[in-house]
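In our numbering, the protein residues as written are 652 to 766.
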């Protein structure tokens with residue numbers, strides 16, 4: 652179980668970094684500082700969200716959709732707050748965070764369906 656969880660955490664983080672990096676460049680961002688900020692924020696938030704999801708799934712009887720919405724919303728708000736405070740070129744930080752997370756989440760779900 653531990654190996655499976657570590658694999659899940661690593662794969663989730665790697666794919667999140669890939670998809671959100673692609674999103675960053677697709678929307679026309681080029682600031683090295685903002686790109687580094689995106690990477691650091693996802694390195695901090697993604698493992699917490701994924702681990703919390705697994706723990707809730709394994710040890711609680713909470714509605715998993717509610718847990719998912721709560722965790723994703725928390726990540727969006729936290730990342731958006733940091734983008735607002737520290738980003739150089741991200742003018743609508745919460746919209747950027749929402750869109751980046753939605754793209755990453757959607758791509759992850761698509762991969763789950765395909766594989």
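The beta-carbon is built from N, C-alpha and C at its ideal position, and this holds for glycine as well.
Between the Cα of residue 692 and the Cα atoms of 714, 735, 713, which residue gives the shortest distance?
It is 735 whose Cα lies nearest to the Cα of residue 692.
Would you mind stating whether residue 684 and residue 730 have Cβ atoms separated by less than 8 Å?
No, the pair does not count as a contact, with Cβ atoms beyond the cut-off.
Give the single residue among 664, 750, 675 whose Cα lies nearest to the Cα of residue 727.
Closest by alpha carbon: 750.
At a cut of 8 Å, does the region 745–765 reach the region 655–667 through at least three beta carbon pairs?
Result yes; three or more Cβ-Cβ pairs closer than 8 Å.
Evaluate residue 676 with the Cβ neighbour count: other Cβ atoms within 10 Å of its Cβ, from every protein chain shown; 16 or more gives buried, anything less gives exposed.
Under this definition residue 676 is an exposed residue.
Which runs of the alpha helix (DSSP H) at least 4 residues long sit entirely within the region 677–738? Give them in chain order.
683–710, 715–737, all fully within the region 677–738.
Return the chain-ordered list of same chain residues with a C-beta closer than 8 Å to the C-beta of residue 671, the five sequence neighbours on each side being excluded.
Result list for residue 671: 689, 693, 751, 752, 754, 755, in chain order.
In three-state DSSP terms, what is residue 762?
Residue 762 falls in the helix class under three-state DSSP.
Looking at residue 733 and residue 741, is the spacing between their C-beta atoms short of 8 Å?
For residue 741 and residue 733, no; Cβs fall outside 8 Å.
Please go through the same chain and pick out, in chain order, the residues whose beta-carbon is closer than 7 Å to the beta-carbon of residue 660, but skip the five residues on each side of it.
Correct list, in chain order: 698, 701, 702.
Where does residue 658 land, buried or exposed, given buried means 16+ other C-beta within 10 angstroms?
Result: exposed.
CB-CB under 8 Å to residue 705, same chain, minus the five flanking residues each way: which ones, in chain order?
656, 659.
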